[in-house]
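Right, here's the structure in full:
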């Protein structure tokens, strides 16, 4: 039995964390999207420069980390997820394109999750690898900022699952390319909206299992989402979001809701809710999950 909670990220925000009982699958998380920071220091500031000026600082460092907990309505499954990423932006290489500037960047991305079910199944997954992309910041015809960012990722991921009662154990290794794409647009002094997509494509892997009839899991996932942002004061802001997620594993489709409280754009926390719209696993179908998350987004 495989259960899912999806919200995220990014940021980057949503979660998809999966748990299973004592069958032949390991969990398949696609952690909260970690990218929806965008504007730092308030809605009227830019993360790299105003569109009319090329950035003067040579480099910019960014460290984002997050973690969360979730609990599913079926089978007593629960878990924790985490992610971390570092990005180095080459502001000295910024290039004017249109009415804004495009800045290349490179970095490292890591994610993982662990949990258990009431049927004595436990899992622990983690992955890490490089990422590279760009961020472009410009102005709309009405004078408000808008922004596009794209990150390509490639992670090596290790997945382990075990049921000590039955003696079942499985270990998997996957090489998984992925992407994160986002567009942000401010439309009022205190309001903006964000749309994003995150995808992972499981191309190959290997596994070992104590069950002869076992097979490797598919870590592919695709998510589309949107958020609305409101600035309440110089210190506090909030976001509400909705997202739709798909995974080929069990033909799973999820609808996620999330809310964020944002303190000075570096401390972010809130609740997550996910409803399973469809799954070939009837025990998983129509289940729901709820959780909480906290993220730190530090830029220098």
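Numbering (the working numbering), first residue to last: 872 to 1171. A virtual CB, placed ideally from N, CA and C, is assigned to each residue, including glycine. None of these values were measured; they are calculated from a predicted model.
One alpha carbon belongs to residue 970, the other to residue 941, and they sit about 43 Å apart. Cβ-Cβ distances below 6 Å link residue 983 to 953, 996 and 997 in the same chain, with the five nearest sequence neighbours on each side left out; the list follows chain order.
If you draw a straight line from the Cα of residue 1057 to the Cα of residue 1077, it is about 45 Å long.
Two segments are said to touch when three or more pairs of C-beta atoms, one from each, lie closer than 8 Å; by this definition the segment 1070–1089 does not touch the segment 1101–1108. Every beta strand (DSSP E) of 3 residues or more that sits fully in the segment 1013–1039 is shown, in chain order, as 1016–1034. In the DSSP assignment, residue 969 falls outside any beta strand (DSSP E), carrying neither H nor E. Ranked by Cα distance from residue 1065, the options 928, 1017 and 1041 are led by 1017.
In the three-state reduction of the DSSP assignment, residue 1131 falls in the strand class. About 36 Å separates the beta carbons of residue 1020 and residue 993, which is beyond the 8 Å limit, so they are not a contact pair.
In the three-state scheme derived from DSSP, where H, G and I count as helix and E and B as strand, residue 1120 is classed as helix.
Each of 943, 1082, 938 and 980 was checked against the Cα of residue 1041, and the nearest Cα belongs to 1082. Secondary structure at residue 976: strand, using DSSP grouped into helix, strand and coil.
Across the structure, residue 1055 and residue 979 are spaced so that their CA atoms are roughly 23 Å apart. Between the C-alpha atoms of residue 1156 and residue 1015 there is a straight-line separation of about 43 Å.
Around the Cβ of residue 1135, a 10 Å sphere holds fewer than 16 other Cβ atoms; the residue is exposed.
Here residue 1001 is bridged, per DSSP, to 979.
Classified as exposed, residue 1035 has fewer than 16 neighbouring CB atoms from the shown chains inside 10 Å of its CB. Between residue 1115 and residue 1125, the alpha-carbon positions lie close to 6 Å from each other.
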